[in-house]
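Since the structure comes first, as structure tokens, the remarks are kept for the end.
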Amino acid sequence: MIETEQTVTIREEITKVWDFARDIRGWASLMPGMQDCEVIDDDNSRWTLKVGVGGLVRTVRVQVKVDQWDGPERVAFTYKLEGDPVQGGGSYLATATGPGETEVKLTVQVQGSGPMAPMWEAMGKPLLPQLAKGFAGQLRDTIEAQAQPAGAASAEPAAEKGFLAWLRQLWRSLFGAKS
Numbered sequence: 001m002i003e004t005e006q007t008v009t010i011r012e013e014i015t016k017v018w019d020f021a022r023d024i025r026g027w028a029s030l031m032p033g034m035q036d037c038e039v040i041d042d043d044n045s046r047w048t049l050k051v052g053v054g055g056l057v058r059t060v061r062v063q064v065k066v067d068q069w070d071g072p073e074r075v076a077f078t079y080k081l082e083g084d085p086v087q088g089g090g091s092y093l094a095t096a097t098g099p100g101e102t103e104v105k106l107t108v109q110v111q112g113s114g115p116m117a118p119m120w121e122a123m124g125k126p127l128l129p130q131l132a133k134g135f136a137g138q139l140r141d142t143i144e145a146q147a148q149p150a151g152a153a154s155a156e157p158a159a160e161k162g163f164l165a166w167l168r169q170l171w172r173s174l175f176g177a178k179s
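Following this line, the structure appears as structure tokens:
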């Protein structure tokens, strides 16, 4: 099993952070390679992602189940790749750290099974922290950009530029491609 934990401070009240966190489509939209998010019910969804390692690029479907909605502080989830012996889980823990400031800790675990588990873990171990860090940063940037009052200078272009730069760097490291 491999796992990572990322913490990010968001310059927004915990209730505003929760407004974003309680929407599974919002979470899905931040995932690199997201193609589609089908919401089945309040707790279950199916995400279609295009993922790659090295020269291998493929589309995977992931069943995501929210096991606990305990807002605005906690969400616990599990997931399973359809057709692959990979599953995992994680959590979102939010703490108000001051007026207009919330600390969010994201944890993710990935566990492969069967004879391919060592390969899954070897490929995923260096990538999981990078993906989680990028996801946490994008979560922060998206929530802070949405919190901008009307008429204020928008942080969206800077957030988008930062995310696109991160995505280009990830693309280069995964595929050796030029952007």
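The opening residue of the sequence shown carries number 1 in the numbering used here; numbering runs sequentially from there. Note that beta-carbon positions come from the ideal geometry of N, C-alpha and C, so glycine has one too. This structure is a prediction, so every number in the text was calculated from the model and none was measured.
Exposed or buried, which one is residue i when buried takes at least 16 other CB atoms within 10 Å?
i, result
"A136", "buried"
"I14", "buried"
"I40", "exposed"
"L131", "buried"
"A122", "exposed"
Which of the three DSSP states, helix, strand or coil, is assigned to residue i?
i, result
"I2", "strand"
"V17", "helix"
"Q148", "coil"
"E121", "helix"
"I143", "helix"
"I10", "strand"
"G212", "Outside the displayed range of the chain (1 to 179) lies residue 212, so it cannot be described from this structure."
"L93", "strand"
Starting from residue i and walking both ways along the beta strand (DSSP E), at which residues does that stretch end?
i, result
"S113", "Segment: none, S113 is in no beta strand (DSSP E) and carries neither H nor E."
"M34", "M34 to V39"
What residue range is occupied by the uninterrupted alpha helix (DSSP H) comprising residue i?
i, result
"P74", "In the sequence as displayed, the identity of residue 74 is Arg instead of Pro. Premise fails: R74 lies in the beta strand (DSSP E), R74 to L81, not in any alpha helix (DSSP H)."
"R58", "Unbroken run through R58 is the beta strand (DSSP E), L56 to D70; no alpha helix (DSSP H)."
"R25", "I24 to S29"
Identify the residues that DSSP records as bridge partners of residue i: which are they?
i, result
"S45", "V39 and V64"
Query - Segment contact, 8 Å Cβ cut-off, at least three pairs: the segment 126 to 140 with the segment 102 to 112 - result: yes
Query - Cβ pair count under 8 Å reaching 3, the segment 28 to 48 against the segment 59 to 79 - result: yes
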